[in-house]
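Take our numbering: the final residue in the sequence shown is number 129, and no numbers are missing along the way. Ideal placement from N, C-alpha and C gives every residue a C-beta, glycine not left out. Encoded as C-alpha cells, the structure appears first; notes follow it.
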Amino acid sequence: MSSSEGSDKSRAITMALAVAVPCLGLHRFYVGKIGTGLLQLITIGGLGIWWIYDVVLVAAGSFRDIDGKRVKYWGEEDTRAKDKALSDEGVQEIMDELYALRNEMGELAERVDFAERLLTRGRDRELHEQNETTPV
C-alpha cells in the first residue's frame, strides 16, 4: 500500500486545512482518509495530540494520502516539474534548452571579444595621437 512516489494532493492545502480548522480532521478528508477523519472529528483531534502529530507530519512532508503516497509537493508547480523531469520529453527539452544556452553564451563571448578589441583600438589610437602632439 505504501509508495515512494508523491501524492497528487497538495501539501499546502493539507497544511492549511490542518492549521486553519484545528482538531476537525478536514485535512484527512482532503487526502481521502474518511474513516480516520471521522475519528479525528469525533475525538476532537485525539484531544489535540493526534492533530499536533498530523501537523508535524504534514510539515515534514511525511503525511500520506489514502493510497499511501506521501503528500510532499507544495503545489502543482512541484508535481509538474517532477513529472516533466522524469519524462523523456522533459529530458529532451532540458537538453534543447542547454544547447540554446550554450549557443547564446558563445555569441555573448564573441560580442565581449569584439567590444574589447574596439576599446583597445580606441585606446591605442588615443595614445598614438598623444605621442604625435607631445613635443620631444
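The beta carbon of histidine 20 sits closer than 6 Å to those of Thr7, Leu10 and Ala11, all from its chain and outside the five residues before and after it, given in chain order.
Between arginine 4 and valine 64, the beta carbon gap of about 5 Å places them in contact (Cβ cut-off 8 Å). Cα atoms of aspartate 89 and leucine 120: separation of roughly 47 Å, rounded to the nearest angstrom.
Between glycine 18 and glycine 30, the C-beta spacing is below 7 Å. Alanine 108 and glutamate 125 have their C-alpha atoms spaced approximately 26 Å apart. Distance between glutamate 97 and valine 105, taken at the CA atoms: about 12 Å. Cβ-Cβ separation between aspartate 58 and valine 14: approximately 18 Å, too far for a contact (criterion under 8 Å).
DSSP places tryptophan 67 outside any alpha helix (DSSP H), giving it a letter other than H or E.
Around the beta carbon of aspartate 117, fewer than 16 other beta carbons sit within 10 angstroms, so the residue counts as exposed.
Counting along the chain, the unbroken alpha helix (DSSP H) around glycine 30 starts and ends at 27 to 35. CA-to-CA, the gap between leucine 40 and glutamate -2 works out to about 32 Å. The beta carbon of serine 55 is closer than 7 Å to those of Arg63 in its chain, skipping five residues each way along the sequence.
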